[in-house]
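Engineer: Pasting in a structure now, in structure tokens, and then I'll have a few things to ask.
Protein chains: 2
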Amino acid sequence: MITVEKTKVGLVGLGTVGSGVAKILLDHGDRTARQAGRVLWLERASVRDLSKPRDCDLPDGVLTDQIDEVVNDPEIEVVAELMGGVELAREVVLKLLAAGKDIVTANKALLAAHGPELFDAARKHGRTIAFEASVAGGIPIITNLSQCLSGNQVESLTGILNGTCNFILSKMHAEGVPYSDVIAEAQRLGYAEADPAMDVDGTDTAQKLAILSHLAFGAHPDWAAIPRVGIDTLDLADVRFAQQMGYTIKLLGIAQLTDTGLQLRVGPTLARNGSQLADVSGPFNAVRVTADAVGELLYYGPGAGQMATASAVVADLVDTAVGRTRLTFQTLGFWSNDSEQTKVADPTDAVGRYYLRMNTNDEPGVIAQIATALAKEGISIASFLQQEPLSEGSVVPLVIMTHDTTDGAMQRACKAISSFDEVKSEPVSMLVLN
Amino acid sequence: MITVEKTKVGLVGLGTVGSGVAKILLDHGDRTARQAGRVLWLERASVRDLSKPRDCDLPDGVLTDQIDEVVNDPEIEVVAELMGGVELAREVVLKLLAAGKDIVTANKALLAAHGPELFDAARKHGRTIAFEASVAGGIPIITNLSQCLSGNQVESLTGILNGTCNFILSKMHAEGVPYSDVIAEAQRLGYAEADPAMDVDGTDTAQKLAILSHLAFGAHPDWAAIPRVGIDTLDLADVRFAQQMGYTIKLLGIAQLTDTGLQLRVGPTLARNGSQLADVSGPFNAVRVTADAVGELLYYGPGAGQMATASAVVADLVDTAVGRTRLTFQTLGFWSNDSEQTKVADPTDAVGRYYLRMNTNDEPGVIAQIATALAKEGISIASFLQQEPLSEGSVVPLVIMTHDTTDGAMQRACKAISSFDEVKSEPVSMLVLN
Chain A
74 MITVEKTKVG LVGLGTVGSG VAKILLDHGD RTARQAGRVL WLERASVRDL
124 SKPRDCDLPD GVLTDQIDEV VNDPEIEVVA ELMGGVELAR EVVLKLLAAG
174 KDIVTANKAL LAAHGPELFD AARKHGRTIA FEASVAGGIP IITNLSQCLS
224 GNQVESLTGI LNGTCNFILS KMHAEGVPYS DVIAEAQRLG YAEADPAMDV
274 DGTDTAQKLA ILSHLAFGAH PDWAAIPRVG IDTLDLADVR FAQQMGYTIK
324 LLGIAQLTDT GLQLRVGPTL ARNGSQLADV SGPFNAVRVT ADAVGELLYY
374 GPGAGQMATA SAVVADLVDT AVGRTRLTFQ TLGFWSNDSE QTKVADPTDA
424 VGRYYLRMNT NDEPGVIAQI ATALAKEGIS IASFLQQEPL SEGSVVPLVI
474 MTHDTTDGAM QRACKAISSF DEVKSEPVSM LVLN
Chain B
74 MITVEKTKVG LVGLGTVGSG VAKILLDHGD RTARQAGRVL WLERASVRDL
124 SKPRDCDLPD GVLTDQIDEV VNDPEIEVVA ELMGGVELAR EVVLKLLAAG
174 KDIVTANKAL LAAHGPELFD AARKHGRTIA FEASVAGGIP IITNLSQCLS
224 GNQVESLTGI LNGTCNFILS KMHAEGVPYS DVIAEAQRLG YAEADPAMDV
274 DGTDTAQKLA ILSHLAFGAH PDWAAIPRVG IDTLDLADVR FAQQMGYTIK
324 LLGIAQLTDT GLQLRVGPTL ARNGSQLADV SGPFNAVRVT ADAVGELLYY
374 GPGAGQMATA SAVVADLVDT AVGRTRLTFQ TLGFWSNDSE QTKVADPTDA
424 VGRYYLRMNT NDEPGVIAQI ATALAKEGIS IASFLQQEPL SEGSVVPLVI
474 MTHDTTDGAM QRACKAISSF DEVKSEPVSM LVLN
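The listed protein sequences derive, respectively, from chains A and B.
To convert a position in the first sequence, counted from 1, into my numbering, add 73.
To convert a position in the second sequence, counted from 1, into my numbering, add 73.
Laid out in structure tokens, this is it:
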């Protein structure tokens, strides 16, 4: 008789992702056993409300509404925190660590808010925290950045990190419908939350970019300090102009190592059609990494969804059971203050090409005024698009593509331009991806 | 004073990749130390010919032409085998394993020929073999398949695995020049070997596909039994017809799990323009993986090149020094006969759509004859392309796209068609990617 070892697993939270994880553990124990060399045994799953219908069949005795039955079960070695939210999740994770459990989490908001505290607590208690599912859903970007580029200096990382936004942008481009119409459809289809604010205003992307920047560059950025613009203010007119010029607008998180430190930004960005990031459409994610030895790598996959996220959680459970998580966790010292930190650069020093649109009166001298304002900031014009007004006296959109300049220069120029009487609304500027 | 632990590393072979690895270890010791928590110390590098000029500066005492100085140095813990070739490399690796060294190798031909023997020897001696660099150059596909999909059943894997072939095919499509012209240019540019046979005839792709199939599906395929067609026989006419119909021809390695086992094939394949694999151009690689939980993932990156391959070797050296390699190696039992093996299916049962071209006389009845031959095998025509002959009496190419059929039916139909007097050359058939 062969005795197979067991690693007993607890779940906290049994919503969409939690149910997906339970399904894999219960229905496909053979897989995880083959991959881990031991059975991952779902011992206990705690939920707030026992009466709520669930998307999975649990064996008797697994479900509980007492979180302490997970915390205090000495046989449970690893717990997946899938309850979401921030403050209660923090308390639960701290309790679980103190009780000697290793943690797997999909909760990027938790890590963004309390990463250093939680990782220090894990080190103090000799436990580990794995977080593959916290960024880019089913794409194993955390493992790839933690393990696979160890001979490299990463130079830049550019990601489509929010599937909801990418779905909405794809629709705006393909169907020419404004943001307000698409968001309603995305909510109906389940691609957007009832309250999509954190997705569409760039918060979610900034939190994920902060996590990836730590792994790729050794920086400890505060996500809230990353300059960010969402897609909720994106005007359909800009989608159309971008398309006319051969570009697609994507919500990108960008991290780039420069002489003055790590430049971080989140916002709608023009990507040239035919480039890999421009071609990612629908609720997918992609991460492009450039590094000095390997060159350019691109990862593409589902950014969210029950089973894709569960896939990442289960991979973490297996890595934790096998012991790989412990080795990586010990070596890399995630969010430890002992490690050397890459400095975050002043965002106004960021260099890039820009798209700039202004609505102006169709009067002589406007273009000269704008061109002078740009020249004053040393901004050089690469191309220029002006269409005839729809009717006499109506406002005329002017679109300018610049050569490389700094974010600070661009902001100053926009401020100057917005003060002109002939300019009828705030100028819109967006980065253009190289 | 902080004492940092050292892991002493040996290199066997100091050609293009070996020099790249030496450069990273010597010039960027801080990186590998940060990633491994210990210094990877290049202790000894053995070469055949000491007088040959090298692409890296080694400290005194590192270079030797006595391979036994690596084998017999008790302080060397891990050795990267980068000498290439098969039989001598096999002997060296067996000696190194017996001497208690862990192995890192980029040698896919070695693994394809002697994988089971070498992995058994490693297990016998309690050592490990890491082989990230053996497939897809800088793309960390080995680590991804070994670790990141443990909750999944992989359903299919489709790869552009040979950068030389992809470079040549890209040129044939973009410039409309025949294979014979491009191969000469590729050799001049260093994208093809002086003897490119193993690349262009599909051998290299089949060997890599065999390795990936083991990791993704638990199969133990004999690479030599994988049906394979190279690009060396690809006619420019077929490139043009494919383009006319909106496709790009790629040399693909395809593994697909079916009811009758694992279907494996290597050959030029039509990929629809706008799909991610069709858009990979130049000397790059890409691997598309579909799996039941995660859905579709795509990995893209450099398929070869000094530093990209060195990046993969160094990641393996770090994983070995940290201990991750040992955990993965023990758990997964690479190429062990003890593990359950997924059966390889009969290739003639493979299902797919096909592109079919025949050169025929412009005579009445030819199309009816061909259509009848296809119908007899149950093959249904999806589309049909016949152009007017260039001059009276000249041969007319007929191009047919079929609906799903089996490889066996296609082969039988082609045989029947080639026997018709009006058909002037062997029919050309290629798979069309779904």
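In this text, a Cβ means the ideal position worked out from N, Cα and C, and glycines have one as well.
#1: Identify the continuous alpha helix (DSSP H) that holds S243 of chain B and give its terminal residues.
#2: What do you get for R121 of chain A, buried or exposed, if any count of 16 or more other CB atoms within 10 angstroms of its CB means buried?
#3: In the stretch 207 to 236 of chain A, which residue ranges form an unbroken beta strand (DSSP E) of at least 3 residues, counting only runs that do not cross its ends?
#4: Would a check of beta-carbon distances place T231 of chain B closer than 9 Å to chain A?
#5: Which bits of chain A does V387 of chain B rub up against, with CB to CB less than 7 Å?
#6: Is the shortest distance between the beta-carbon of Y373 of chain B and the beta-carbons of chain D less than 9 Å?
#7: For M483 of chain B, which of helix, strand or coil comes out of DSSP?
#8: Return helix, strand or coil for T201 of chain A, following the three-state DSSP convention.
#9: Hey, would you say K281 of chain A sits closer than 9 Å to A259 of chain A, going by beta carbons?
#10: Who are the Cβ neighbours of L242 of chain A in its own chain at under 7 Å, not counting the five residues just before and after it?
#11: Measuring CA to CA, which of A:D268, A:S492, A:G340, A:L335 is closest to V439 of chain A?
#12: With contact counted as at least three CB pairs below 8 Å, one residue from each stretch, are the stretch 165 to 185 of chain A and the stretch 201 to 219 of chain A in contact?
#13: How far does the beta strand (DSSP E) with V345 of chain A in it extend, from its first residue to its last?
#14: Give the residues of chain B in contact with R104 of chain A, contact being defined as C-beta atoms less than 8 Å apart.
#15: Give me the Cα-Cα distance between R111 of chain A and F240 of chain B, rounded to the nearest whole angstrom.
#16: Starting from the Cα of L400 of chain A, find the closest Cα among A:G199, A:A385, A:R430 and give me that residue.
#17: Is there at least one Cβ from chain A nearer than 9 Å to D274 of chain B's Cβ?
#18: In three-state DSSP terms, what is L281 of chain B?
#19: What are the boundary residues of the alpha helix (DSSP H) that includes D411 of chain B?
#20: Report the neighbours of D193 of chain A on chain B: residues whose CB is nearer than 8 Å to its CB, in chain order.
#21: Which of the residues in the stretch 383 to 414 of chain A, read from start to end, lie with their CB under 9 Å from any CB of chain B?
#22: Would you identify the three-state DSSP class for V387 of chain A, choosing helix, strand or coil?
#23: Return the CA-CA distance between S219 of chain B and A297 of chain A, expressed in angstroms with no decimal places.
#24: Quick check on T306 of chain A: buried or exposed, where buried means 16 or more other Cβ atoms within 10 Å of its Cβ?
#25: Among the candidates A:M431, A:K416, A:R104, whose CA atom is the shortest distance from the CA of V468 of chain A?
#26: In terms of alpha-carbon separation, which member of B:I490, B:D477, B:A186, B:E499 lies closest to N507 of chain B?
#27: Check whether the Cβ atoms of V152 of chain B and D175 of chain B sit closer than 9 Å, and answer yes or no.
#28: In this structure, how does DSSP classify Q139 of chain B when only helix, strand and coil are distinguished?
#29: Contact criterion: CB-CB distance below 9 Å. Does N239 of chain A meet it with respect to chain B?
#30: Give the interface partners of I97 of chain B over in chain A, defined as CB-CB distance under 9 Å, in chain order.
#31: Cα separation between F457 of chain A and M318 of chain A?
#32: Flag this pair as yes or no: are the beta carbons of Q108 of chain A and H293 of chain A separated by less than 9 Å?
#33: Checking contacts by CB at 9 Å: is M74 of chain A closer than that to chain B?
#34: Ignore the nearest five residues each way along the sequence and tell me which others in M74 of chain A's own chain have a CB closer than 7 Å to its CB.
#35: Please report the straight-line C-alpha distance between T382 of chain B and T445 of chain B, rounded to a whole angstrom.
#36: So A385 of chain A and G211 of chain A are in contact, right, with Cβ under 8 Å, and what is the actual spacing, rounded?
Structural biologist: On the basis of the coordinates in this document:
#1: Here residue 243 of chain B is taken as the residue at index 170 of the second sequence, counted from 1. That run of the alpha helix (DSSP H) goes 236 to 248.
#2: The sequence position of residue 121 of chain A within the first sequence is 48, counting from 1. When all chains shown are included, R121 of chain A counts as exposed.
#3: Within the stretch 207 to 236 of chain A, the complete beta strand (DSSP E) segments at least 3 residues long are 227 to 233, listed from N- to C-terminus.
#4: Position 158 of the second sequence, counted from the first residue, corresponds to residue 231 of chain B. Interface residue (Cβ-Cβ distance to chain A less than 9 Å): T231 of chain B is not classified as such.
#5: One-based indexing of the second sequence puts residue 387 of chain B at position 314. Ordered by position in chain A, the residues that pass the 7 Å Cβ test against V387 of chain B are S223, G224.
#6: Within the model displayed, chain D is absent; protein chains A and B are what it includes.
#7: Here residue 483 of chain B refers to the residue found at position 410 of the second sequence. DSSP places M483 of chain B in helix when its eight states are reduced to three.
#8: As a first step, residue 201 of chain A is located in the first sequence; it is residue number 128 there, counting from the start. Correct three-state label for T201 of chain A: coil.
#9: Here residue 281 of chain A refers to the residue found at position 208 when the first sequence is read from its first residue. Here residue 259 of chain A refers to the residue found at position 186 when the first sequence is read from its first residue. Not in contact: K281 of chain A and A259 of chain A (Cβ atoms no closer than 9 Å).
#10: As a position in the first sequence, residue 242 of chain A is number 169, starting the count at 1. Within the same chain, I304, I322, K323, L324 come within 7 Å of L242 of chain A by CB-CB distance, once the 5 residues on both sides are set aside.
#11: On the first sequence, residue 439 of chain A is found 366 positions in, with the first residue counted as 1. It is A:S492 whose Cα lies nearest to the Cα of V439 of chain A.
#12: Verdict: yes, contact present.
#13: Along the first sequence, one-based indexing puts residue 345 of chain A at 272. For the record, residue 345 of chain A in the displayed sequence is Arg; it is not Val. Counting along the chain, the beta strand (DSSP E) containing R345 of chain A begins and ends at 334 to 345.
#14: Taking the first sequence and counting its residues from 1, one reaches residue 104 of chain A at position 31. Residues of chain B passing the Cβ test: S223, G224, N225, Q226.
#15: Here residue 111 of chain A is taken as the residue at index 38 of the first sequence, counted from 1. Here residue 240 of chain B is taken as the residue at index 167 of the second sequence, counted from 1. Distance between the alpha carbons of R111 of chain A and F240 of chain B is about 44 Å.
#16: To locate residue 400 of chain A, count along the first sequence from 1; it is residue 327. Nearest of A:G199, A:A385, A:R430 to L400 of chain A, Cα basis: A:G199.
#17: Translated into the one-based positions of the second sequence, residue 274 of chain B becomes position 201. Not an interface residue.
#18: Numbered from 1 along the second sequence, position 208 holds the residue referred to as residue 281 of chain B. Per the sequence shown, the amino acid found at residue 281 of chain B is Lys instead of Leu. Looking at K281 of chain B - three-state DSSP - the assignment turns out to be helix.
#19: Looking up residue 411 of chain B in the second sequence gives position 338. Note, D411 of chain B: premise wrong, no alpha helix (DSSP H); not H, not E.
#20: On the first sequence, residue 193 of chain A is found 120 positions in, with the first residue counted as 1. The premise fails here: D193 of chain A is roughly 18 Å from chain B at the closest Cβ pair, so nothing lies under 8 Å.
#21: So the close ones are A383, S384, A385, V386, V387, A388, L390, V391, D392, V395, G396, R397, L400, T401, Q403, T404, L405, G406, S412, E413.
#22: In the first sequence, the residue the question calls residue 387 of chain A occupies position 314. Note: V387 of chain A maps to helix in three-state DSSP.
#23: Within the second sequence, residue 219 of chain B is the residue found at index 146, counting from 1. Within the first sequence, residue 297 of chain A is the residue found at index 224, counting from 1. Cα-Cα distance, rounded: 36 Å.
#24: Against the first sequence, residue 306 of chain A aligns to sequence position 233. That one is exposed.
#25: One-based indexing of the first sequence puts residue 468 of chain A at position 395. Closest by C-alpha distance to V468 of chain A, out of A:M431, A:K416, A:R104, is A:M431.
#26: As a first step, residue 507 of chain B is located in the second sequence; it is residue number 434 there, counting from the start. Ranking B:I490, B:D477, B:A186, B:E499 by CA distance to the CA of N507 of chain B puts B:D477 first.
#27: Residue 152 of chain B sits at position 79 when you count from the first residue of the second sequence. Residue 175 of chain B sits at position 102 when you count from the first residue of the second sequence. Yes, the pair counts as a contact, with Cβ atoms nearer than the cut-off.
#28: Locating residue 139 of chain B in the second sequence gives position 66, counting from the first residue. Coil.
#29: Reading the first sequence from its first residue, position 166 is the one you call residue 239 of chain A. It does not: the Cβ of N239 of chain A has no partner Cβ on chain B nearer than 9 Å.
#30: Taking the second sequence and counting its residues from 1, one reaches residue 97 of chain B at position 24. G224, N225, A366, listed in chain order.
#31: For this step, residue 457 of chain A is matched to residue 384 along the first sequence. For this step, residue 318 of chain A is matched to residue 245 along the first sequence. Distance between the alpha carbons of F457 of chain A and M318 of chain A is about 10 Å.
#32: Against the first sequence, residue 108 of chain A aligns to sequence position 35. Against the first sequence, residue 293 of chain A aligns to sequence position 220. Cβ distance not < 9 Å, so Q108 of chain A and H293 of chain A don't count as in contact.
#33: In the first sequence, residue 74 of chain A corresponds to position 1, counting from 1. Bear in mind that the predicted position of M74 of chain A carries a pLDDT of just 46, short of 50, making it too unreliable to give a figure here.
#34: Position 1 of the first sequence, counted from the start, is the residue given in the question as residue 74 of chain A. In this prediction, M74 of chain A scores a pLDDT of 46, lower than 50, which makes its location untrustworthy; the coordinate-derived value is nonetheless stated afterwards. Listed in chain order, the non-local C-beta contacts of M74 of chain A below 7 Å within the same chain number zero, local neighbours out to five positions each way being set aside.
#35: Counting from one through the second sequence, the residue named residue 382 of chain B turns up at place 309. Counting from one through the second sequence, the residue named residue 445 of chain B turns up at place 372. Their backbone Cα atoms lie some 51 Å apart in a straight line.
#36: Along the first sequence, read from residue 1 onward, the residue named residue 385 of chain A stands at position 312. Along the first sequence, read from residue 1 onward, the residue named residue 211 of chain A stands at position 138. Contact holds; Cβ gap of about 6 Å.
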